[in-house]
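Number of protein chains: 2
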Amino acid sequence: MRADLLIDSARGILVCDDASTVLMDASAAVADGRIIAVGPADDVRSQVSADRVLDARGMLLMPGLVNLHTHLPMTLLRGVAEDVDLQGFLEMVWAEEARVMDPSGVELGARLGAVEALLCGTTTALDMYFHPEACHVGAASAGLRHVTGPVFFSFPGPDGLSWEQRMDLARRWPDALRSIGGPHVPLALMPHAAYTVDLAGLAEIARLADELGAMVTTHAAENDTETADTLASRGMRPIACFAESGILRQRPVLAHAVRMDDDDVSAVAGAGASVAHCPGSNLKLASGAADVVGYRQRGIPVGLGTDGCSSSNDLDMFVVMRLAADLARLLRSDPAAISAADVVRMATLDGARALGMGERIGSVEVGKEADLILLDTRVPHLTPLRNPHTAVVFSAGRSDVRHVLVAGELVVEDRRPTRVDVPALLAAADARVATAAS
Amino acid sequence: MRADLLIDSARGILVCDDASTVLMDASAAVADGRIIAVGPADDVRSQVSADRVLDARGMLLMPGLVNLHTHLPMTLLRGVAEDVDLQGFLEMVWAEEARVMDPSGVELGARLGAVEALLCGTTTALDMYFHPEACHVGAASAGLRHVTGPVFFSFPGPDGLSWEQRMDLARRWPDALRSIGGPHVPLALMPHAAYTVDLAGLAEIARLADELGAMVTTHAAENDTETADTLASRGMRPIACFAESGILRQRPVLAHAVRMDDDDVSAVAGAGASVAHCPGSNLKLASGAADVVGYRQRGIPVGLGTDGCSSSNDLDMFVVMRLAADLARLLRSDPAAISAADVVRMATLDGARALGMGERIGSVEVGKEADLILLDTRVPHLTPLRNPHTAVVFSAGRSDVRHVLVAGELVVEDRRPTRVDVPALLAAADARVATAAS
Chain A
0 MRADLLIDSA RGILVCDDAS TVLMDASAAV ADGRIIAVGP ADDVRSQVSA DRVLDARGML
60 LMPGLVNLHT HLPMTLLRGV AEDVDLQGFL EMVWAEEARV MDPSGVELGA RLGAVEALLC
120 GTTTALDMYF HPEACHVGAA SAGLRHVTGP VFFSFPGPDG LSWEQRMDLA RRWPDALRSI
180 GGPHVPLALM PHAAYTVDLA GLAEIARLAD ELGAMVTTHA AENDTETADT LASRGMRPIA
240 CFAESGILRQ RPVLAHAVRM DDDDVSAVAG AGASVAHCPG SNLKLASGAA DVVGYRQRGI
300 PVGLGTDGCS SSNDLDMFVV MRLAADLARL LRSDPAAISA ADVVRMATLD GARALGMGER
360 IGSVEVGKEA DLILLDTRVP HLTPLRNPHT AVVFSAGRSD VRHVLVAGEL VVEDRRPTRV
420 DVPALLAAAD ARVATAAS
Chain B
0 MRADLLIDSA RGILVCDDAS TVLMDASAAV ADGRIIAVGP ADDVRSQVSA DRVLDARGML
60 LMPGLVNLHT HLPMTLLRGV AEDVDLQGFL EMVWAEEARV MDPSGVELGA RLGAVEALLC
120 GTTTALDMYF HPEACHVGAA SAGLRHVTGP VFFSFPGPDG LSWEQRMDLA RRWPDALRSI
180 GGPHVPLALM PHAAYTVDLA GLAEIARLAD ELGAMVTTHA AENDTETADT LASRGMRPIA
240 CFAESGILRQ RPVLAHAVRM DDDDVSAVAG AGASVAHCPG SNLKLASGAA DVVGYRQRGI
300 PVGLGTDGCS SSNDLDMFVV MRLAADLARL LRSDPAAISA ADVVRMATLD GARALGMGER
360 IGSVEVGKEA DLILLDTRVP HLTPLRNPHT AVVFSAGRSD VRHVLVAGEL VVEDRRPTRV
420 DVPALLAAAD ARVATAAS
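Taken in sequence, the protein lines are chains A and B.
Residue 231 in numbering that gives the first Met the number 0 sits at position 232 of the first sequence; the count goes up by one each step and never skips.
Residue 136 in numbering that gives the first Met the number 0 sits at position 137 of the second sequence; the count goes up by one each step and never skips.
Put into C-alpha cells, the structure is as follows:
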C-alpha cells in the first residue's frame, strides 16, 4: 500500500497501549496523516511503497507527549516570579501580564511556547489563557495540536472582559476554531478555578459545555490557601464547588489536584474526571505533592502537565515524567510505587484519553493520527539501553528528540522546527519583554 | 598580558562565589590552565593578547559542575535494576558487576561515564569503585578531573581483594596517581560504608588518611535498612561508627546522609564533614529525602551528586540541581527554602570545598584553574532569560552545555568530546554488555 512516509527500522517502538508493548527493530508507516502500519521492520518495508523514508536506526519511536495543563503565552513571563508561593506568584504574574499580554503578546508567547513544547517532544497541549483566538493562532501556526478555549472569571481579569463577553466569546468559539484551522482539537471551556468563578458562573459554564459538546478544564485544589479561600468565599471545598455546580458531570480535566481529601477523591473518581498532575509547578511553588498513586488506585485517570513557564520555568515533559516517578516513590516510600511504563503512558495515552482523544492519538497504533516523536539513542547517556521505558523516564531528555510529527506532518526535523524561524522568534520575544519592561 | 584563550563577550558569567555574583556582558581569559582575567568584556579584551578567541556571545559562562558522589564504571550497568529499593538494588547490581567488571570493564565504564559527565557540564567527580587504577585511567583519559582511590570492605567484595591487599593498594595509590597523570586531584580513601567495614577497619583507614594526607569519602545513612543493619552489626548508628573510629575527624564527604537524627547532625556539623546530596538516587530508590536545608542551617557544607547510573540512571547534574531545589521546597513547605543561586553554589564551589579544592576550582575567579562550562542560551527554553541562576536550575539542561574546559583544556567543543571517539566508545560499551550477558 501507498504511504507518505516510512519510519524505517527504529531501534524500538514504545507503543504506549495499555499493555505497554515494546517492539524492537520495528517500523511504522504514515499516510494522509494517519498511521497505516506498525510492526517488524522487514514486514512493514515489504508492505508499503513510501514517497519518503525516514531512517530511524538507533532511534526510539513513541507517541508525541500530551501536556495536560499549561499556559503557553506565559512563556514570555519566564523568571518573573521566583521563590514565592502560589498566591505571591499570582500577584506578581497578574501585574506583569496585565502590562505585557495584549493579543499580540499572547500570540507571540503562545508561538514561543509551542516551539519549545514541540522541541521537547510535546505534540498536544491543553492550554488555558486569555485571548484564546490569538493564543490558538500563535500555537497552531507552529504545528502544535493546541487545545484551548475561553477562560472564565467572575471578575474582569487582565483581559477586561465582562461575564457576558466571555459567554459570547464561548458561543463563537466553534466558528473561531474552524476559521483558524490546525490539527483537530476538541472544543474546550476553561473556568479558571472555584475561588475565581462563583457557583452560578460554574453552573452556567456546565450548561454551555452540554450545549456546545465542549470539554472543560479548571484549576482545582492546588494548595492549602486555595482550599481555604474557596471555603471562605463559597462555603465549600473546590471539588465540592465543581460537584455542586455540575462541572464535575462534564468529566473535566482538573489541574493540580494536590489537596484532595477522601470525599474529594471519591467525587472525582465517581464522576470520571481526570487529573492533570503538574509536579514541577507543585514542587517549585511548594504547593505540595499530589498522591497520584492513590488517585490511580481509586480509578482516577491521571495525565501530566508542565503548568506555565512562569511557575515551572520550562515546558519539558521529560522533566515532568521524571519528577512524577520520583515523587510517587518518595510519597509512598516504595521504589515500585509506579513503573516507568505507567509514567510514560500517563504522558501519552492517559493524557489523550483525558482530552476525549484516546481513540485518535496517544499511542503508536494503526488508525490513529500520526502524532509521533523519535528519540535518538546514540548518545552516552542512553548507552547501554536495557529498558526503553526506564530510559525515557530516567535517562532521556528533550535534547534526544530528533523528529516530531503532528497529524503526519514533520513539524520538527533534525531538531529544527519546520514552520518557524527560531532566531527571529527569539529576537521578537526578547524585544517584547524589553519593551514591556521599559 | 598573554593568554592562551579569551572567552569573549559572554552574555553573563555566574561567578559562583559566596555572593553569587553575576557579571553581564563579560569575558574571561585563561593562560597555562588558570583564569588570569574576569570582568567587563571591553576591559578584558583590552588587557589580554590571546592566541585563541572563543566567541561566547549568547552564552552563560560558569564553573564546571562538581559531582560529589558517583560510581562512573556503573554506567555500564544502567537499567540493570529497576523498581527495587537500595538492598534489592545492591543484590542485583553486585551479581552483575562481579560478572562484567574486570579491570577492562571498569576502564571502559569509567570512560563512558566520564564522557557523559563532561557532556553534561561536569568537570570534577568524586568517584568510588573497584579497580581504582583502571577506573582512573578510563575517566582521566577523557579529560575529567577524576577523584578516586581504593575502596574498602571488610570482606573480599567483587574484586576479590583481601583487607591487606586493599591497604597495600592504598599505600601505593600516590605513586599510581602520579604515573597515570591527568588534572590535579587529591588522594582519596573510600571505605564503602559502616555496615560493610567494621570499626577496626574504619580506624585503620582513618590512620592511613592521616599518614598519606588523603581525603575520605563513604556511604552514610542512606536509608532506614542501612541504619538498622548498622545498628545490628555494630551496635551503633552509621554516623556514630564514623565518629567512634576516627573517620569523622578526617572531615569526610558523606554520601547521601538521608537518615540523620539530631545527634548525627551535631556530630557531622561539629566535625566539619560534608554531605554529598544525591536526590535523584534517593528518590528513585525510595531511600527518603535528606533535609539539606536543615543541614546547611546547622553549618554542614552540602554538595550534590548523581550517584551511579545503575541507581539514578544518568549523570546529569542539571537534573540533580532541579531535584535538590524542588525537594527542599517540598520538605520545608516553603518556596523560598533554598534559592537557585544557593543550589548552583552547592553544585560548584561547595562541592569543590568538600573535596578540599575550594582554593583551586569551583568559581570563575582569577587564580583558579580554568574548569569552566559555557551554556548556549539562544534556545526557546531559555528565552526570555531574566535570572541566570533560576535559568540554570529550573530551565537549562545538559543539552545547553556547548563547551567544557578542564584545567584550561577544551575537552568538549561544540558539544563534541575532543579526546574520545564517541561512536567507537558507544559501540564498545554495547559490545561489552552484550558479551557479558551471553
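Glycine residues also receive a C-beta, built at the ideal position from the N, C-alpha and C atoms.
Please classify residue i: is it buried, with 16 or more other beta-carbons within 10 angstroms of its beta-carbon, or exposed?
| i | result |
| --- | --- |
| ASP313(A) | buried |
| ALA28(A) | buried |
| THR479(A) | Nothing about residue 479(A) can be reported from this structure: the residues present for chain A run from 0 to 437 only. |
| ASP260(B) | exposed |
| ALA423(A) | exposed |
| MET0(A) | exposed |
| SER437(B) | Because the pLDDT of SER437(B) is 43, which lies under 50, any placement of that residue in the model is unreliable, and the number read from its coordinates should be weighed accordingly. Under this definition SER437(B) is an exposed residue. |
| PHE154(A) | exposed |
| GLU210(A) | exposed |
| ASP158(A) | buried |
| HIS145(A) | buried |
| VAL365(B) | exposed |
| HIS135(B) | buried |
| ALA9(B) | buried |
| GLU106(A) | buried |
| PHE241(B) | buried |
| GLN164(B) | exposed |
What residue range does the beta strand (DSSP E) around residue i cover?
| i | result |
| --- | --- |
| SER8(B) | 1–13 |
| LEU409(B) | 408–412 |
| ASP375(B) | 371–375 |
| THR123(A) | 121–126 |
| SER273(B) | 273–276 |
| ALA254(A) | 252–255 |
| VAL146(B) | 144–146 |
| ALA213(B) | It is not in any beta strand (DSSP E) - ALA213(B) carries neither H nor E in the DSSP assignment. |
Using a threshold of 9 Å, state whether the C-beta atoms of residue i and residue j are closer than that.
| i | j | result |
| --- | --- | --- |
| LEU348(B) | GLY355(B) | no |
| ALA369(A) | ALA406(A) | yes |
| LEU85(A) | GLU221(A) | yes |
| ARG397(B) | CYS15(B) | no |
| ASP3(A) | ASP50(A) | yes |
| THR20(A) | GLY63(A) | no |
| ILE246(A) | VAL267(A) | no |
| ASP223(B) | GLY287(B) | yes |
| GLU412(A) | GLY142(A) | no |
| MET58(A) | THR376(A) | yes |
| SER394(A) | ARG77(B) | yes |
| ILE337(A) | ARG385(A) | no |
For the alpha helix (DSSP H) holding residue i, just list the boundary residues, first then last.
| i | result |
| --- | --- |
| MET166(B) | 162–179 |
| ASP223(A) | 223–233 |
| ASP397(A) | Correcting the residue type first, residue 397(A) is Arg in the shown sequence and not Asp. Per DSSP, ARG397(A) belongs to no alpha helix (DSSP H) and is neither H nor E. |
| VAL264(A) | 261–270 |
| ARG352(B) | 348–353 |
| HIS135(B) | 131–140 |
| ALA239(A) | 237–244 |
Any beta carbon of chain C sitting closer than 9 Å to that of residue i?
| i | result |
| --- | --- |
| CYS134(B) | The structure shown contains no chain C; its protein chains are A and B. |
Please specify which runs of the beta strand (DSSP E), each continuous and at least 3 residues long, are wholly inside the stretch 290–338 of chain B, giving them in chain order. Note on the stretch 290–338 of chain B: whole beta strand (DSSP E) runs with a minimum of 3 residues are 301–303, in chain order.
When Cβ atoms are compared, which residues of the stretch 256–284 of chain A fall closer than 7 Å to chain B? The residues in question are LEU282, LYS283, LEU284.
Could you tell me which uninterrupted alpha helix (DSSP H) segments, each at least 4 residues in length, are contained entirely in the stretch 30–108 of chain A, listed from first to last along the chain? For the stretch 30–108 of chain A, the continuous alpha helix (DSSP H) assignments of 4+ residues that do not extend past its boundaries occur at 40–46, 85–99, in sequence order.
So within the stretch 185–209 of chain A, which uninterrupted beta strand (DSSP E) runs reach at least 3 residues, ignoring any that extend past its ends? Entirely contained in the stretch 185–209 of chain A, the beta strand (DSSP E) runs reaching 3 residues are, in chain order, 187–190.
Looking at chain A, which residues of the stretch 379–394 of chain B have a Cβ within less than 8 Å of any of its Cβ atoms? Hits within the stretch, in order: PRO379, HIS380, THR382, PRO383, LEU384, ARG385, ASN386, THR389, ALA390, PHE393, SER394.
Give, in chain order, every residue of the stretch 71–87 of chain A whose Cβ lies closer than 7 Å to some Cβ of chain B. Residues passing the 7 Å Cβ filter: LEU75, ARG77, GLY78, VAL79, GLU81, ASP82, VAL83, ASP84.
The stretch 328–339 of chain A: which residues have C-beta closer than 8 Å to a C-beta of chain B, in chain order? Listed by position along the chain: ARG328, LEU329, ARG331, SER332, ASP333, PRO334, ALA335, ALA336, SER338, ALA339.
Could you list the residues in the stretch 423–437 of chain A with a C-beta less than 7 Å from some C-beta on chain B, going in chain order? Taking 7 Å as the Cβ-Cβ cut-off against chain B, the residues of the stretch 423–437 of chain A that qualify are LEU425, ALA428, ASP429, VAL432.
Quick one, which residues of the stretch 28–61 of chain A are near chain B if we go by CB-CB under 8 Å, in chain order? Here the close residues number zero.
Under 9 Å, CB to CB, which of the residues in the stretch 394–406 of chain A have a partner in chain B? So the close ones are SER394, ALA395, GLY396, ARG397, SER398, ASP399.
Under 7 Å, CB to CB, which of the residues in the stretch 229–250 of chain B have a partner in chain A? Residues passing the 7 Å Cβ filter: none.
Identify each residue in the stretch 114–146 of chain B for which the Cβ-Cβ distance to at least one residue of chain A is less than 8 Å, and report them in chain order. Within the stretch 114–146 of chain B, the residues whose Cβ lies closer than 8 Å to some Cβ of chain A are VAL114, GLU115, LEU118, CYS119, listed in chain order.
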